[in-house]
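With my numbering as the guide, the letters of the sequence shown map in order to residues 1229 to 1532. Here a beta-carbon is modelled for each residue, glycine too, at the ideal position from N, C-alpha and C. Quick caveat: nothing in here was measured; it's all calculated off a predicted structure. A short worksheet on the structure shown next.
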Amino acid sequence: AGPPPVTRYNLNSVTITNDPVANRENVLVLTPMARFYQEYWDNLLKLSYPHELITLGFILPKTKEGNAATIELQKQIAKIQKHGHEKERFKSIIILRQDFDPPIPSQDESERHKMANQKARRAAMAKARNSLLFTTLGPDTSWVLWLDADIVETPPTLIQDLASHSKPLTVPNCFQRFYNAEKKAMDERPYDFNNWQDSPTAQELASKMGKDDILLEGYADMATYRALMAYMYEAGADIHTEVPLDGVGGTALLVKAEVHRDGAMFPAFPFYHLIETEGFAKMAKRLGWQATGLPNYKVYHYNE
Ligand code: GDP
Ligand code: MN
C-alpha cells in the first residue's frame, strides 16, 4: 500500500450564500439535548432544507435523563436512517455523550432559571456546546444551525429563511405557547430573553462588577434596561425585519461556519461579563461579525 491519501479542501470554495439550496451548501444542525421531545424530532424531520445536505450533531449528559434521551434519540434515528424514505435521510448523524457532569441535577424550569444557578449552569452549557462544535464542524460546513432540543415548532423553511439574510449570525424570536386561564384560550408569550441590544445601564453595571461576575438578563434583581428582541415582535409586520443584536440566545441560531472557524465559541468563563451564547455574540463581534435578530420571525419553545 502507498502512503495515506491526502485530502485537500479549499476553504474559499466552500460557499456561504443567501441561496444555500441552489449552491448545495452543507448545514450542521447542533443540538445539546437533556431530554428527548418527540415534537422537536417531528419538527426537525419537517425541515424542507435538503436532508442530504444536513449533518445532525447531538450532545447529551451522562445522567439518568440523558441516558433515556439517548435511547429514544437512537430509536428515532434508526427509523429514519435505516427505514425512512431516501429524501428523509440525513447526510450523517453524530451523537456525543458528555464527559463531565452537569452542575445541577434538577432540570425543572423554575430550578434552572434561579439566578444563583445561572453561572454554573451556563458554564456547563457553554462547555457542552463547544465540545459539540469542535468535534463536528467540518471543512465543508457552510452553516451551523444551533437548535435546542425543546424547540418544537418552526417554519419548515427555517434554514432557507434565516440564510436568505446572509448575515454572520441570525436569530429568530423564540416564543412559547401556553394555556391562558384568564382568556380561557391558547395564547403565546416571549420565551428567550438572551436576544438583546446593549444599554448604558448594563454597561455601567458591568463596569462596577468583579472580574468573575456575569450580567444576566430577565431577572428583576438585575435591571439592565437592555432592549429585548422578545418584546420587539409586531403582529402582522414583515417577518424579515432585521434588528442588530449584542447578545443572543441559542434556542435557534444560524451561524456562518466561518464565524466559528475564525474562533468564535461559547465562553464558559466571564467574557466582558458575559457567558455562553451571550458571550459568543460578543466574541463574534470582537472578530468583526455582527449578530442580527428577526423579531417577527417566530419559533416556539416547549411548555413544561
Ligand atoms: P432554557 O430553555 O434556557 O431553560 O435552557 P434548557 O435547559 O432548555 O437548555 C438548553 C438546551 O440544552 C436544551 O436543548 C436542553 O435539552 C440542553 N441541555 C440542558 N442541560 C444540558 C446538559 O447538562 N447537557 C447537555 N448536553 N445538554 C443540556
Ligand atoms: Mn429550553
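Note that the C-beta distance between asparagine 1254 and leucine 1281 is below 8 Å. Look at aspartate 1376: its beta carbon is less than 7 Å from one of the heavy atoms in the ligand MN. In terms of side-chain proximity, the C-beta atom of histidine 1341 is found no nearer than 7 Å to any non-hydrogen atom of the ligand MN.
At least one heavy atom of the ligand GDP sits closer than 7 Å to the Cβ of glutamine 1326.
Short of 7 Å from the beta carbon of glycine 1230, and not among the five residues preceding or following it, lies no beta carbon of its own chain. Annotated three-state conformation of lysine 1412 is coil, per DSSP. In this structure, proline 1495 and alanine 1306 do not form a Cβ contact; the two beta carbons are roughly 36 Å apart against a cut-off of 8 Å. The shortest CA-to-CA distance from arginine 1357 to any of Glu1381, Ser1370, Thr1369 and Gln1326 is the one to Gln1326. Distances from the alpha-carbon of arginine 1417 to those of Pro1260, Glu1293, Ser1276 and Tyr1461 put Tyr1461 closest. The same chain holds no residue with a CB closer than 6 Å to that of isoleucine 1299 once the five nearest residues on each side in sequence are set aside. The three-state secondary structure of asparagine 1254, taken from DSSP, is strand. When only Cα atoms are considered, glutamine 1431 and phenylalanine 1403 end up about 27 Å apart.
For tryptophan 1517, there is no enclosing beta strand (DSSP E), since its DSSP letter is neither H nor E. Between tyrosine 1277 and glutamine 1425, the gap from beta carbon to beta carbon reaches 8 Å or more.
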